[in-house]
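J.:
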Amino acid sequence: MRRWVPSIDARVGLILAVFAFSLPAFGQTDAKFLLTEANGDIARFLQNGQQLEQQHRWGEALAHYEDAVRHYPSDAQLQQRFDSARLHYDLERRYADRSFRRSVEQLSTERALELYGQVLLKIETHYVEVPHWKTLLDHGAGNLEMALGEPTFVHQNIAQEDRATVDAFCREMRSVIAMRTIVTRNDVRETVAAVARLAEQRLHIAPSAVVLEYLCGATSALDPYSTYLTPDQLNEVYSQIEGNFVGLGVELKARQNGLVIVRVISGSPAEQSGVRPQDRILAIDGQSTDRLSTDQAANLLQGVEGTVVSLVLAAPGQSSRQVEVQRRRVEVPSVDQVTIIDPQYGIGYFKLTCFQKTTARDLDAALWKLHREGMKSLVIDVRGNPGGLLLSAVEAADRFIERGIIVSTRGRSVQEDFTYSAHVQGKWQMPLVVLIDQDSASAAEIFAGAIRDQHRGTIVGVKSFGKGSVQGIFPLDDSNAGVRLTTAKFFSPTGRPYSRIGVEPDVQVRPTHTVARPIDGQLPGDVGGDAMLNKALQTARQFSQPLQARSRS
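Our numbering puts the sequence shown at residues -10 to 542.
(1) Any idea what DSSP makes of E435, helix, strand or coil?
(2) If you draw a straight line from the C-alpha of L526 to the C-alpha of Y334, how long is it?
(3) Any chance the stretch 393 to 401 sits against the stretch 418 to 428, with 3 or more Cβ pairs inside 8 Å?
(4) Find the nearest neighbour of R46 within the set P120, L248, L271, judged by alpha-carbon distance.
(5) In this structure, how does DSSP classify G106 when only helix, strand and coil are distinguished?
(6) Thinking just about the alpha-carbon of each residue, which of L126, D370, A411, P464 is nearest to the one in P494?
(7) Would you call the stretch 168 to 180 in contact with the stretch 87 to 101, where contact means no fewer than 3 C-beta pairs closer than 8 Å?
(8) Counting pairs of beta carbons, one from the stretch 250 to 270 and one from the stretch 344 to 360, are three or more of them closer than 8 Å?
(9) Using a Cβ distance threshold of 8 Å, determine whether the stretch 324 to 333 contacts the stretch 352 to 366, with at least three qualifying pairs required.
(10) For E294, I'd like the list of residues in its chain whose CB is within less than 7 Å of its CB, leaving aside the five on either flank, ordered along the chain.
(11) Just mark G484 as buried or exposed, buried being the case when its beta carbon has 16 or more other beta carbons within 10 Å.
(12) So L204 and Y217 are in contact, right, with Cβ under 8 Å, and what is the actual spacing, rounded?
(13) Quick one: complete alpha helix (DSSP H) runs, 4+ long, within the stretch 220 to 279?
(14) How about D274 and V298: do their beta carbons lie closer than 8 Å?
(15) Give the range of the beta strand (DSSP E) segment to which R310 is assigned.
(16) Can you tell me whether P62 is buried or exposed, with buried defined as 16 or more other CB within 10 angstroms of its CB?
(17) Helix, strand or coil for G38 per DSSP?
(18) Hey, V496 and K524: beta-carbon distance below 8 Å or not?
(19) Using 10 angstroms around the beta-carbon of R584, count the other beta-carbons present and answer buried if the total reaches 16, otherwise exposed.
(20) So G29 and H53 are supposed to be a Cβ contact under 8 Å. How far apart are they, rounded?
(21) Distance, Cα to Cα, Q66 vs F532?
(22) For T208, count neighbouring C-beta atoms within 10 Å of its own C-beta (all shown protein chains included) and say buried if the count is 16 or more, exposed if not.
(23) Would I147 and L192 be called neighbours here (beta carbons separated by less than 8 Å)?
(24) Pull up the distance between the alpha-carbon of W417 and that of N233, whole angstroms please.
(25) Please report the Cβ distance between E434 and F463, rounded to the nearest whole angstrom; I am assuming they are in contact, meaning their Cβ atoms lie under 8 Å.
(26) How big is the Cα-Cα spacing for L223 and P140?
(27) Can you check which of these residues, L51, V451, D466, is closest to V498 by C-alpha distance?
(28) Residue range of the beta strand (DSSP E) that G471 falls in?
(29) Roughly how many angstroms lie between the CA atoms of R392 and R75, to the nearest whole one?
(30) What does a CB cutoff of less than 8 Å around H128 pick up in its chain, not counting 5 residues either side in sequence?
(31) Look at the alpha carbon of A354 and the alpha carbon of L341, and state the distance between them as a whole number of angstroms.
(32) Assuming A386 contacts A439 (C-beta within less than 8 Å), just tell me the rounded distance between them.
(33) Is it the case that the Cβ atoms of P196 and E189 are separated by a distance below 8 Å?
(34) Roughly how many whole angstroms lie between the Cα atoms of E260 and S410?
(35) Between which two residues does the alpha helix (DSSP H) carrying A547 extend?
(36) Measure how close the beta-carbons of V117 and G471 come, nearest whole angstrom, since I'm counting them as under 8 Å.
Here it is in structure tokens:
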């Protein structure tokens, strides 16, 4: 099993990350909406989102509102619904996470408060903006109130308390907060300690559960990319850094017809067992997936190396089939589908799926392979690339850019101000085309933006995601958990921000809803219904002559 979280860059002893999305790929849907007239579209976004909320389909609701906010970033209602959906989704994820549930059960009140204090200290020390403590406290209280209305939380933490008792506690909690003066992070910690004691008295709820909701509310309030990382989530981040993990080797998304496999990693146990992209998962070890969230399904698919999971799958238009897949260590290729896609013109192609520790090595291997096969120009596909190692993105761009700035970062601390520049040796000079789409984000935007601003290649596709901040990953002492905090923002070589702006392509291509088939071997000329890739090929052909023409000259 692979959860596609963006990864990390280590610099000067501080772990830095460039994260793409406000939710992992497992929580996203492919729902897109045709935009016409603004007010009508916003109303439809709100109506459709409300339906998802009423059904407690929080992952889909969050992806829906994220899409809406991307189109209408100034609309306050959409932003409010996005924020609310994110809180509900994060709560579901936490309580679907075995490591988090263990934390709630095992942490003493004092230990939970120490953990909360550590997080507040890291916010004070490292966050990109000066924190407003009263705001973070209020968000924590709001997070707890939301949790007290959610069956997932109530079932886990409260024994037969009626709604009137819960409402009375919420009013009393707000009174406790209102009576206190909040100036420092210690004021916040003491107030949360008082609320936790009150919750234990009134609702017989474990104080650790209350403190952790305040903790998660505080980090989520900072921005869409800052969050608490459970022990299992922190381990996933570290696996992403290394580019390997134990699992099946699939990526899931929630769609209207259920849980769908959208990617199968090359050479993975899933691929070897006959699992294919677009397969819908009907059951896992005999349990129907009808009512499972993507995170609940992910937990069922995870397991000890060497164990076997039974899947019932259905490909589009076909009857169901059962497969057995053994969980094994999976090596994730950050460079995939390496081929001469147009032998006549000598056009090389590969897909950069993410930026991780192995990317520079994988990239060099791909370039030399294509060079030996007669590459004259190159198409690099970063569509759907959610980001990854900042340093790996810099190293990738440095393979092609001879001199100049690749990216710069700026933060609250001068330690976060850094400029990454190209080195002069070992450049690949072939004509270059880079494919981007609306899901190319973060480190992928660093790469594409550097190629564009340094006039090193042609960018083809649609405007990228628009994510322009750097996150630090901070482990928390003695808990095996961590926190992700935005520590800086990054800027293009010409000094332009990426946040909510993205990378504009040189050649715009109207996106289609056709599912692009994987590149498999050498393909002549046209590539199926993939309009963006076809445009990239047309662009690359302008830079070289076909082999016959070259042989006559």
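Just so you know, even glycine gets a beta-carbon here, dropped at the ideal spot from N, CA and C.
T.: Taking the coordinates as given:
(1) The sequence shown places Ile at residue 435, not Glu. Residue state, collapsed to three classes: helix.
(2) 9 Å
(3) no
(4) L248
(5) helix
(6) D370
(7) no
(8) no
(9) yes
(10) V235, R316, R317, R318
(11) exposed
(12) 6 Å
(13) 220 to 231, 258 to 261
(14) yes
(15) 309 to 315
(16) exposed
(17) helix
(18) yes
(19) The structure shown does not extend to residue 584, since the chain is modelled only from -10 through 542, so no value can be given for it.
(20) In fact, because the Cβ distance is near 16 Å, the residues do not count as touching under 8 Å.
(21) 48 Å
(22) buried
(23) yes
(24) 28 Å
(25) That belief does not hold up - the Cβ atoms of E434 and F463 are roughly 24 Å apart, past 8 Å.
(26) 26 Å
(27) V451
(28) 471 to 480
(29) 41 Å
(30) G206, A207, S209, A210
(31) 13 Å
(32) 4 Å
(33) yes
(34) 39 Å
(35) One cannot answer for residue 547 here, as it falls past the ends of the chain, which runs -10 to 542.
(36) Actually they are not in contact, since the Cβ atoms of V117 and G471 sit about 18 Å apart, beyond 8 Å.
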